[in-house]
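A short worksheet on the structure shown next.
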Amino acid sequence: MEFDKKIFVDWLRTRLKRNYSKDLKEATRHDMFDAVSAAVMDYIQTNWMATRKEYEGKNVRQLYYLSAEFLMGRALGNNLINLEIREAIGEVLEELGYTYTEIEEEEPDAGLGNGGLGRLAACFLDSLASLDYPGHGYGIRYQYGMFEQHIENGYQVEYPDNWLKHRDPWEVKRSDLAVKVSFGGTPVAEKGPNGNMVFRLENVEEITATPYDIPIVGFNTRTVNRLRLWEASSEDGFDLQLFNDMEYMRAVERQNKAENISRVLYPNDSGPSGKALRLKQQYFFTSASLQDIVNKYKRDHGSNFDDFAKYTVMQLNDTHPVVAIPELMRLLMDENGLGWDAAWDIVTQTLAYTNHTLLAEALERWPIDIFEGLIPRVYQILEEINRRFLTELRNKFPGDWQRHNRMSIIGKGMINMAWLAIVGCFSVNGVAALHSELLKNNELVDWSELYPEKFNNKTNGVTQRRWLLSANPRLSSFITKKIGSGWETDLFRLKKLEAFVDDPAVLDEFLEIKHKNKVDLAAYLKETQDIFIDPDSIFDIQIKRLHEYKRQLLNVLHIMYLYNRLISESDYNPVPRTFIFGAKAASGYRRAKSIIKLINTIADRINNDHRVRGRLRVVFVENYRVSVAEKLFPASDVSEQISTAGKEASGTGNMKFMINGAITLGTLDGANIEIVEEAGEENAVIFGLTAEEIRKIDMSHSYNPQEYISANPGLQVVLNQLIDGTYGAESSGLFHELYDSLVHGVDGQRPDVYYLLADFDAYVQAHEKICELYADRRGWAKKTLLNVARSGKFSSDRTIEEYVRDIWKLEKVHVPFPEGKKK
Ligand code: 26Q
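Per the numbering used here, residue 6 is the first one in the sequence shown, and the count goes up by one each step.
Next up, the structure:
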């Protein structure tokens, strides 16, 4: 990237004058952020246009990643890094009297996702562009992203995330590409142009979908791909003929109702909401995206669809866009005159599906009446898909009625979206080796028997550009100094760091970097939450959505246990520890919210008890999000990955910890298994029941948590403290319910569904082990450096290459730099 400081400053001056009527001296930090971003956008546009022309000129096969969520976080730092002008911009800002950090902090996170699934989509876009693949995202431009979390009196309180309050400098509105999405109405049959029967909808509610494009800038390449997010509005506003007071009010109401579709991200990341508006969101962005893709194909190739599958492949991020299957059928048949068989061939050659969960309660199912009411023609097509599928099934398994019932897409008044996905897609993948095996052999065994060729694994990954190069500059320069550059696009090169693991000087240098990062985090927490933490203590961190299966409660029970020991055993003197949590609970998830209150209650008590001062602290980081995660991972010593084995599909935070040199304290669940495999058993601390052991106990119904309580008096005390008033008024309410859920079972559920008590002892031992390892500073440094060195597999670049090889079959497209310019 050619960069000229003087031109850049001139540009800033012009921009500030034009948009804010200010000169450089008068500009606020936010003005400055906006102007810098706009200038960077100008740089990006040149490459963006060049990329589009290259794709169009070469007529290449393209991937579309359909996802209800893209958890992008901030863009400025990432774009500057990928354009390799971060340092230069930093210098310009300093010369103008700003620090780079204060300008960066002005940008709100684009929090258009709940957690892992949404962040994975964002990492994938970064890898696609950085590896020069033509792959683009399609999603929803939520006006309000993931809620802002405040902690009030220890409780989580949700506030709207008004991230578009100021304009978003990274988006380009494309009103010229708006499409219509219809809801409701009555399907009416008519003769189509080819003499076949097609359906037209009468009396529909028509919604306008307007795309906003966001550039996805590849690292050290000219490739700029596109994230296209749809906004909902209504066109049929004002009927001037009928204009009167009532009509006016109705018109505005219609507007609001339409705009509500892209108003807000649903904040629950498990357990279907069952709400019609959620289905509206799904159909809205899926239909708009498919129309856009079909329109583009027709512009490039005319209306013969024979080559559609050759130039197009779509990945469905979980079941949220799975309505694409009947909708693409509808577009091809009703709007483009194809017959059923031709349309079905296209659908089943272009769509692929990723599953992200094993939890039965999280599988998406829609009541027929909601579905049919909102999209009646799509429902008709769905019924026909199911009718044909059941015919196929009866031929394969004649007389096996139970199997037919289990596998019917429509049954018991509900539509099973995962079943639809498996029938309509050519590929079905899980997101870590264990997860894919469990899908194939347990949850989806009926399906893998029917379609064994569809099932495959794609272990998740994370982009090292954001999670190491950008988030951890100290470690990044250390790495480049030791092994040279190149790891930014080939993370396996970190392997070369293994040459240094017995060099004491290097180990000390490595420890020093971690220490400085911990000092930075401590300063940030002091500044934002007025909490003091000691950088010489172990930073033991659990950051992820709050869920019972992720077992934050196990972490808390252990902290209570440790606290009791520190007070009662005068000769007990382990390494000082700081336990850090960050987590949002879905707004309607009562028990998850009780756990947040418990963490804050315990933190408050411990942090104010002089008896454990300097030895134990607990911090709950408020409003955990991508930009805060970027400060936490680099400062981590211990990565808490303690889900009940068999429940966490993969996890991706676990990978971000590893590449930043933390030790995994975890169960053999999700990608933890592969992390330990790569790092070496001696460089992680693993504990607890395995997925297989848990499955056996589950099936035999033999679990009795009381056995574990009786065998461990310390655990007994901790559990009693939840209800005996030790921790105040909540002990009779919220905490009592947590106690009951562990000891007795609540609402007809079995006690301790997630086996916290069964794993408690092993977890205590695991923490002891951590302290022992940490005390040997160079031993610890060696283990954590080996984790970094062996983290190559967990780059999303590796994941994307596997998707490309097995599913997408894309070719790289190199966008050439202009004559005489760099590279
Ligand atoms: C569904 C229907 C209605 C409303 C909301 C939803 C919904 C929204 C988000 C359901 C699920 C999610 C998100 C799931 C998720 O983040 N899963 C995580 O995906 C990661 C990436 O593959 C894995 O690493 C995690 O293990 C998995 O929990």
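Here a beta-carbon is modelled for each residue, glycine too, at the ideal position from N, C-alpha and C.
Small disclaimer: the values here were computed from a predicted structure and weren't measured.
Classify residue i as helix, strand or coil using the three-state DSSP reduction.
i      : result
Val318 : strand
Gln45  : The residue asked about is misnamed: residue 45 is Val in this sequence, not Gln. Val45 falls in the helix class under three-state DSSP.
Pro139 : coil
Lys196 : strand
Pro581 : coil
Phe290 : helix
Ser275 : coil
Asn300 : helix
Pro220 : strand
Lys828 : Low local confidence applies: a pLDDT of 49 at Lys828 is under 50, so the model's placement there is unreliable, with the coordinate-based value given in what follows. The answer is coil: DSSP assigns Lys828 none of H, G, I, E or B.
Leu762 : helix
Glu176 : coil
Val229 : strand
Val820 : coil
Take the Cβ of residue i as the centre, count every other Cβ of all protein chains shown within 10 Å, and call the residue buried at 16 or more, exposed below.
i      : result
Lys30  : exposed
Val524 : exposed
Phe837 : In the structure displayed, the chain extends from 6 to 828; residue 837 sits before or after that span and is not available.
Ala608 : buried
Arg382 : buried
Arg5   : Because the chain is modelled from 6 through 828, residue 5 falls outside the range shown and cannot be assessed.
Gly651 : buried
Thr106 : exposed
Tyr164 : exposed
Glu653 : buried
Val193 : exposed
Glu100 : exposed
Glu369 : buried
Lys828 : Caution is warranted here: a pLDDT of 49 is assigned to Lys828, below 50, making its placement in the model unreliable, and no coordinate value can be reported.
Ile4   : The chain is shown only over 6 to 828; residue 4 falls outside these bounds and no answer can be derived.
Asp15  : exposed
According to DSSP, what are the bridge partners of residue i?
i      : result
Val467 : Ser800
Ile212 : Val186
Ala237 : Ala214
Trp371 : Ile420
Ile145 : Trp235
Glu627 : Bridge partners of Glu627: none, in fact.
Glu163 : Gln154
Gln547 : Phe586
Ala357 : Gln320, Ser432
Gly78  : Ala115
Met202 : Lys196
Val722 : Beta-bridge pairing links Val722 to no other residue.
Gly671 : Gln646, Ile691
Tyr70  : Gly142, Gln320
Is the beta carbon of residue i less than 8 Å from the beta carbon of residue j?
i      : j      : result
Ser801 : Ser132 : yes
Thr789 : Gly666 : yes
Leu603 : Leu762 : no
Thr215 : Ser239 : no
Asp114 : Val177 : no
Ile601 : Leu551 : yes
Asp312 : Val818 : no
Ala73  : Phe376 : no
Leu83  : Ile49  : One point to set straight first is that residue 83 is Asn, not Leu, in the sequence displayed. No.
Ser606 : Gly116 : According to the sequence displayed, residue 606 carries Thr and not Ser. Cβ atoms of Thr606 and Gly116: not closer than 8 Å.
Val643 : Val633 : no
Ala527 : Ile538 : yes
Leu791 : Gly685 : yes
Ala689 : Ile664 : no
Ala591 : Asn273 : yes
Ala44  : Phe75  : no
Tyr760 : Thr649 : yes
Specify whether the segment 419-438 and the segment 474-490 touch according to this definition: at least 3 beta carbon pairs, one from each stretch, less than 8 Å apart. no
Does the segment 762-769 come within contact of the segment 686-698, defined as at least 3 CB pairs closer than 8 Å? yes
Measuring CB atoms only, is the segment 435-449 touching the segment 677-686, in the sense that at least three cross pairs come out at less than 8 Å? yes
Quick one: any contact between the segment 140-160 and the segment 263-273, if contact means 3 or more CB pairs under 8 Å? yes
Could you check whether the segment 617-635 touches the segment 171-187, counting it as contact only if at least three pairs of C-beta atoms, one from each stretch, sit closer than 8 Å? no
Is the segment 405-413 in contact with the segment 330-343, if contact means three or more CB pairs nearer than 8 Å? no
May I ask you to verify whether the segment 117-132 touches the segment 50-63, counting CB pairs closer than 8 Å and requiring at least 3? no
Does the segment 61-69 come close enough to the segment 195-206 that 3 or more CB-CB pairs lie under 8 Å? no
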